[in-house]
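These notes are about the structure you will find just below.
Protein chains: 2
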Amino acid sequence: MRRHSANSGQAATETENGRVTIKSVARRAGVSIGTVSRVINGFTDVNAELRTRVEKAVRELDYRPNLRAQSFVRDKSPIISFLLSNRGGLNPFHSLILQGVEDYCANHGYFVLFARCQYAPGTRPSELRLPTVLLTNGLADCVIAAGVNHENLLKMMDQRDLRYVVLANNLVTQEPREPLNQVRFDDAGGYSEATRYLIQLGHRDIWFVGDTSLQWFRNRYEAYVQVMHENNLEPRAQTVALSDDLFENGRASVDMILEREAPLSAVLSCAGESAEGAMEALREHGREVPRDASVIGFDYMIVRSGLWKLTSVSVDAVEVGRQLGRLAIERLTSNGKPLSEAVVPTTLIKRGTCRPFRSNEQMVL
Amino acid sequence: MRRHSANSGQAATETENGRVTIKSVARRAGVSIGTVSRVINGFTDVNAELRTRVEKAVRELDYRPNLRAQSFVRDKSPIISFLLSNRGGLNPFHSLILQGVEDYCANHGYFVLFARCQYAPGTRPSELRLPTVLLTNGLADCVIAAGVNHENLLKMMDQRDLRYVVLANNLVTQEPREPLNQVRFDDAGGYSEATRYLIQLGHRDIWFVGDTSLQWFRNRYEAYVQVMHENNLEPRAQTVALSDDLFENGRASVDMILEREAPLSAVLSCAGESAEGAMEALREHGREVPRDASVIGFDYMIVRSGLWKLTSVSVDAVEVGRQLGRLAIERLTSNGKPLSEAVVPTTLIKRGTCRPFRSNEQMVL
DNA sequence: GTGATTGATGAGAGCGCTTGCTGACGGGCG
DNA sequence: CGCCCGTCAGCAAGCGCTCTCATCAATCAC
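Protein chains in written order, with our numbering: chain A, 259 to 623; chain B, 259 to 623.
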């Protein structure tokens, strides 16, 4: 690449080359650019008449400050980056979260940059190849780390003094982490409630289905186990991943349970898709839901078409996004001091897949 | 708001206040900042030795140019805005498109800003309240208009000399529009192919199901009608929206057709969800798919869990996004001259819901 | 009436970078 | 040897804005 050759010729000397800048406004209003700056930035110590004149000039010229110049001189930008880590695609859950982030940020004068990245949990922080968003100096002032994240990335961001906020549910950590600068939804609480609900309905043979090698599912599993123990019931779980596909995993798990004729009167499933799979397996074995078995799954208040009848532990994913946006903006305005965790509650939404236990159900098998 | 009081005191005179700028690099390498600039921008007319020294200094100081300063002085930014118009949420289809946009842009040094907006089709361009992304001067240099768009927004952007690229399939226009600066996927082609396929399988009573008051579904409908006519078959369609919910609309439409005992051997559905609804209705009427009726729907190559058996007209939505990203970047680098339309093909993916017609199927009803 | 205080304004420096221009240098050629 | 010209480094002018500081007017206390 060679330098561009001279082509500007006679640079516009005093005249403006077509664009409206703070100077044009100042000239038109007959004030200095400092005064214009004070008016557009809402300082109160400006004479009412001058203010009016400036405002008129702004309107007439349709002036809008150059964000690039503003960001440059203020040394900050109104951009927050939403970083989706280690996820193939933008799944419905994260779509809703992104939507919530955008919603909150847009309402508070910030913009959301969408970026993705992949990294291995094992890589040492210093050897981590950061995504371009994080490497680019001055692009975004705060990062929202969603998707599946690991300690090494957070360490790296700490080292580089990058401000960030994390979605804690999908954060995989070895040792417990101080719950700062993070948003979490209380899925464990929801799974406790769901378990209690099934017990109240009279169920005893309640199976948890889900791959507990994944931390987020393990949290749900542990909540289930605890409630079962509190009620002197034996947890009975199929926690090995029989498939990568959640639907298929739910189907295969329940199929296995029924094949070996283990007693089963309710299924608490780690996810919505796997609950659908569980229902498929029950159907295949001639057991009707909820008549012959109750099923509870998980969802995130996505608007589903007609048939969404699954009783679920439910979290408002858009709200999770809003909280992430809120925390990110607070981090920027709170001068970087750590913020305490925000928790979004979950609710057990009772739809059509649970029913009180009747002992003759056992006969069906 | 009052002006900030003086708090800087003795501004750092010649020393740098902690941050690494082009000056630090220049000093360390013993060259002028101009030379550093030329090196980091890849100009070739730099002496090899100086270049090496500069590169060394950059590495040692871990220097990264300040994007804010660069954007400011270059008067352009590496940010492209993905604007989702008139859509409640970020649905799976648009999530995939966004993903494709991000994919392409990230690979070409651009960043993607995610924004949403709502506007009425009827509003006159001059009265349109533009979303903040478009109003903010210097934020993004090009806008990708996805979601459902209308002429008034495009007119407004034209007037303001905003560069943009449109997803044409969801663009609602009165008069035909020159296909410039837009990406389109050929769903009409896919629906023609699907119709021909059903005819080849021997089906005659092929029903199109979908609300044709929506332009994108009407395009599919018209492709269907044309192929039917070419084959001297009578188009038979349920084009009135019986519900806002696609699933329910498909279900209700087919239910109505079957209720009045109209002959039906295949359903060509405007969307995937509505095809699921159609299958539900067939099931309710005791007709098994594909034994007693064939069904074709639509999808966008989303990875669905196990049971996705629907034969579909299919478009690679991620590719649509990539094309949008490509066109947007071309618009920026092609000095603003209009670019010709990009078309993403659709394919008929034959899964498990179609079978050759057997006349005794008619008996089932 | 005088000096001190307060308040509003304009002037201008400076943010970090790009880039046109100037001029030093050296090699080729007459 | 001198001249010309191509090459390449440094200088410095800006880009549009913010914000400090000096200035000046008006107000107030006594």
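Don't be surprised by glycine CBs; every beta carbon is placed ideally from N, CA and C.
In this model, E451(B) and I457(B) are separated by some 10 Å (Cα to Cα).
Around the beta-carbon of L393(B), fewer than 16 other beta-carbon atoms lie within 10 Å, marking it exposed.
With its beta carbon at least 8 Å from every one in chain B, F615(A) lies outside the interface. If you check the CB distance, F466(B) and A495(B) come in under 8 Å. Setting aside the 5 residues that flank it on each side, E506(A) is surrounded in the same chain by L500, G535, each with a C-beta closer than 8 Å to its C-beta; the list follows chain order.
For the pair R454(A) and V485(A), the Cα-to-Cα distance works out to about 7 Å. For the 8 Å CB-CB criterion, L341(B) and P389(B) form a contact. Classified as buried, V483(A) has 16 or more neighbouring CB atoms from the shown chains inside 10 Å of its CB. In this chain, the alpha helix (DSSP H) harbouring V359(A) covers 350-365. Close partners of L356(A) in chain B (Cβ separation under 9 Å): L348, S353, L356, F372. Q328(A) is not bridged by DSSP to any residue.
Close partners of E360(A) in chain B (Cβ separation under 8 Å): F372, A373, R374.
Listed along chain A, the residues sitting closer than 8 Å to R322(B) by beta-carbon distance are L393, T394, N395. Taken in chain order, the complete alpha helix (DSSP H) segments of 4 residues or longer contained in the stretch 372-429 of chain B are 390-393, 409-417. For V441(A) and N593(B), the gap between their C-alpha atoms comes out near 44 Å. Taken in chain order, the whole alpha helix (DSSP H) runs of length 4 or more contained in the stretch 451-509 of chain A are 473-488. D445(B) counts as buried, since no fewer than 16 other beta carbons sit within 10 angstroms of its beta carbon. Taking all protein chains shown into account, T310(B) has fewer than 16 neighbouring C-beta atoms within 10 Å of its C-beta and is therefore exposed. The C-beta of T293(A) comes no closer than 8 Å to any C-beta of chain B. Interface annotation, S335(A): in contact with chain B, CB-CB separation under 8 Å. By the criterion of a C-beta distance shorter than 7 Å, N349(B) is surrounded by no residue of its chain, once the five residues flanking it on both sides are discounted. Residue contact with chain B for F475(A): absent (no Cβ-Cβ distance below 8 Å to any residue of chain B). At a cut-off of 8 Å, the C-beta of S592(B) has no neighbouring C-beta in chain A.
A straight-line Cα-Cα distance of about 22 Å links R418(A) and Q432(A). For a Cβ distance threshold of 9 Å, residue set A364, G367, F369 of chain B lies close to T390(A), ordered along the chain. In the structure shown, G292(B) adopts helical secondary structure according to DSSP, grouped into three states. Distance from S570(B) to I554(B) at the Cβ level is roughly 6 Å; contact confirmed, criterion being Cβ atoms closer than 8 Å. Under the Cβ distance rule, R494(A) does not count among the residues neighbouring chain B, no pair being separated by less than 8 Å. When the five nearest sequence neighbours on each side are left out, the beta carbons in the same chain lying within less than 6 Å of the beta carbon of D574(B) are those of M559, in order along the chain.
By DSSP's assignment, L342(B) forms a beta bridge with R374(B), A404(B). Taking CB atoms only, R317(A) has no neighbour in chain B less than 8 Å away. Nearest to R609(B) by alpha-carbon distance, out of G460(B), L429(B), L597(B), S572(B), is S572(B). By the Cβ neighbour-count rule, T293(A) is buried, with 16 or more other Cβ atoms within 10 Å of its own.
The three-state secondary structure of G447(A), taken from DSSP, is helix. A residue is called buried once 16 or more other Cβ atoms fall within 10 Å of its Cβ, and A551(B) is buried on that count. Secondary-structure assignment with DSSP links V602(A) through a beta bridge to F443(A).
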